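Heads up: the structure comes next, in structure tokens.
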Amino acid sequence: GNSVTQMEGPVTLSEEAFLTINCTYTATGYPSLFWYVQYPGEGLQLLLKATKADDKGSNKGFEATYRKETTSFHLEKGSVQVSDSAVYFCALSDLYNTDKLIFGTGTRLQVFP
Amino acid sequence: NAGVTQTPKFQVLKTGQSMTLQCAQDMNHEYMSWYRQDPGMGLRLIHYSVGAGITDQGEVPNGYNVSRSTTEDFPLRLLSAAPSQTSVYFCASRKAGGTYNEQFFGPGTRLTVL
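Residue numbers (the numbering used here), protein chains in the order written: chain A, 130 to 242; chain B, -15 to 98.
Listed below in structure tokens is the structure:
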């Protein structure tokens, strides 16, 4: 079945460091891919998405490119801030039932000043 | 708009007790879903609904019931709580149509079953 694998956390960085959080997926067909972010004490918010191969999603300085050949959707940011500290979830949606989001286990990011 | 609201925020139950987690949205979204979040497992879909009167099972439906009598509300019922249901529960909603419409999540309910 469909699945998402994320790198283990926590990821600990200093402010202004470069961030990469790895995400790979297994799916039938060509699903849509997403990054959601969960700030402390809050629900999840959509950070960015890509709906087809080679699409790049971007938002708030974060980027991720849908790579079909490597089945990956790695999240990157060139210069993190303390306010980026959160848990990041990679997810995919079933091609035929977009209500069914399949999430990775989440990666906690901690950014220190 | 309040978005997606959930009550209660925290709840402690004893094994065998029943309760209902409330979820409401004021965005006139057709689709609503319930997820549970457990450490090291991400979020897993419990039940979902594509409109009033229509519900379906997700990945982990056992031990939970849902109904959708109105567009706005989508309560999740635990009939006989078990310690394995200790988790954080999130409700989500989205608009129908299109290739993909963003899901909006509520703030969550933290449930502990003793």
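The beta-carbon is built from N, C-alpha and C at its ideal position, and this holds for glycine as well.
Remember, it's a predicted structure, so these values are computed and weren't measured experimentally.
Starting from residue i, follow its DSSP beta bridges and name the residues at the other end.
i         : result
Leu177/A  : Trp164/A
Thr(-9)/B : Gln6/B
Thr194/A  : Lys185/A
Val(-4)/B : Thr96/B
Which same chain residues end up closer than 6 Å to residue i when comparing Cβ atoms and leaving out the 5 residues on each side of it in sequence?
i        : result
Leu98/B  : Lys(-2)
Pro23/B  : none
Thr155/A : Ser132
Ser222/A : Pro160, Ser161, Leu230
Asn85/B  : Arg78, Lys79
Leu173/A : Tyr165, Gln167
To which residues of the same chain is residue i closer than 8 Å at the C-beta, ignoring the five residues directly before and after it?
i          : result
Leu29/B    : Ser17, Trp18, Tyr19, Gly42, Glu43, Val44
Pro139/A   : Thr236, Arg237, Leu238, Gln239
Phe88/B    : Gly(-13), Val(-12), Gln9, Met11, His13, Ala76, Ser77, Arg78
Asn(-15)/B : Asp10, Met11
Asp213/A   : Leu148, Lys206, Leu238, Val240
With a 10 Å radius around its C-beta and 16 neighbouring C-beta atoms as the bar for buried, classify residue i as buried or exposed.
i        : result
Tyr15/B  : buried
Phe215/A : The amino acid at residue 215/A is misidentified as Phe; the sequence shows Ala. Ala215/A should be labelled buried.
Leu63/B  : exposed
Thr93/B  : buried
Phe241/A : exposed
Lys178/A : buried
Gly26/B  : buried
Gln69/B  : buried
Gly0/B   : exposed
Does DSSP put residue i in a helix, in a strand, or in coil?
i        : result
Asp40/B  : strand
Ser77/B  : strand
Val240/A : strand
Asp22/B  : strand
Asp57/B  : strand
Ser214/A : coil
Ser222/A : strand
Ser208/A : coil
Ser68/B  : helix
Under 9 Å between beta-carbons, which chain D residues line up against residue i? List them in chain order, please.
i        : result
Lys229/A : Structure shown: chain D not included; protein chains present are A and B.
Residues in its own chain within less than 7 Å of residue i by CB, not counting five upstream and five downstream?
i         : result
Thr234/A  : Gln135
Ala36/B   : Arg52, Ser53, Thr54, Thr55
Thr(-9)/B : Gln6
Next item on the list: Decide yes or no for the touch test of the stretch 64 to 84 of chain B against the stretch -8 to 11 of chain B: beta carbon pairs closer than 8 Å, at least 3 of them.
Entry: yes
Notebook entry, point to check: Does the pairing of the stretch 199 to 215 of chain A with the stretch 132 to 149 of chain A give three or more beta-carbon distances under 8 Å?
Noted result: yes
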